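Protein chains in written order, with this note's numbering: chain U, 4 to 115; chain V, 163 to 275. Heads up, the beta-carbon is just placed ideally off N, CA and C, and yes, glycines get one too. Note that the coordinates shown come from a computational prediction; the quantities given were computed from them, not determined experimentally.
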Amino acid sequence: DARVTQTPRHKVTEMGQEVTMRCQPILGHNTVFWYRQTMMQGLELLAYFRNRAPLDDSGMPKDRFSAEMPDATLATLKIQPSEPRDSAVYFCASGSRAVGAFFGQGTRLTVV
Amino acid sequence: GDSVTQMEGPVTLSEEAFLTINCTYTATGYPSLFWYVQYPGEGLQLLLKATKADDKGSNKGFEATYRKETTSFHLEKGSVQVSDSAVYFCALSDQDSASKIIFGSGTRLSIRP
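Quick look at the structure:
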């Protein structure tokens, strides 16, 4: 059963540290999304890629966040330096307009 | 820009009650429409979808019909169960946005035994 895999599932880090979240999309899906979910803001689109090319990262704070797809099997989201307000659940999803988005289990990030 | 508006929750119903969660959208093209469900501590799961006007998506007893004239995609279920308690998200993907998927704010559903 194909699924999106995210690592780590949980991360606790100190303010100022670098955080890297990884995602393995479903093979054959040409679009990869990064979303952030908080109680206050709900589900926010941070960035998305199509055929590994970044299409829109306007939802990301550019000074500290970066998203890349070094190859078709790996997407990364980095935060450097991390801040307490970055605490959230970060979801990766893959899919297309026709099939929709398939979500991973998420990375729960806590910055103390 | 494109957007999705869904009814605010929480919605609380008794088991076996009829469910409707309203969803309307704004889009420039001909979007695909989706309903997702999120159970506590989990990611979003695709519940059903419709890709063109008058299509009906269905899954696990849930249904939604793509109504272009009213720009709506309301979620319905004839008889809810306690296990349906979750947060439900309406979403769209517009062909003009290169597959970008936009979500509504979510509706929390609680079912009483």
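The three-state secondary structure of U/P87, taken from DSSP, is helix. Under the Cβ distance rule, U/L46 counts among the residues neighbouring chain V, one pair being separated by less than 8 Å.
Residues of chain U whose Cβ lies closer than 8 Å to the Cβ of V/T213 are, in chain order, A101. Only those residues of the region 197-228 of chain V whose C-beta falls short of 9 Å from the nearest C-beta of chain U are listed: Y198, Q200, G203, E204, G205, L206, Q207, L208, K211 and T213. For the region 47-65 of chain U, residues whose beta-carbon sits nearer than 8 Å to a beta-carbon of chain V comprise L48, Y51, R53, L58 and D59. For V/T186, the beta-bridge partners assigned by DSSP are V/T167 and V/S234. When the alpha-carbon of U/K65 is set against those of U/S85, U/A78, U/L46 and U/R55, the nearest one is in U/S85. The C-alpha of V/V244 is placed about 26 Å away from the C-alpha of V/T186. Residues of chain U whose Cβ lies closer than 9 Å to the Cβ of V/S267 are, in chain order, G45 and L46.
For the pair of segments examined, the region 47-55 of chain U was found not to touch the region 7-19 of chain U: the number of CB pairs separated by less than 8 Å stays below three.
Between the alpha carbons of V/T182 and U/Q83 lies a distance of about 43 Å.
As the crow flies, the alpha-carbon of U/F106 is around 7 Å from that of U/S97.
The shortest CA-to-CA distance from U/E71 to any of U/G19, U/M24, U/T8 and U/T10 is the one to U/M24.
Rounded to the nearest angstrom, the gap between the Cα atoms of U/A75 and V/T233 is 35 Å. According to the DSSP assignment, U/I29 belongs to no beta strand (DSSP E), since it is labelled neither H nor E.
V/F196 sits close to V/K211, with the two beta carbons spaced by under 8 Å.
In the three-state scheme derived from DSSP, where H, G and I count as helix and E and B as strand, V/V199 is classed as strand. The beta carbon of U/F68 lies closer than 6 Å to those of I82 in the same chain, with the five residues before and after it left out.
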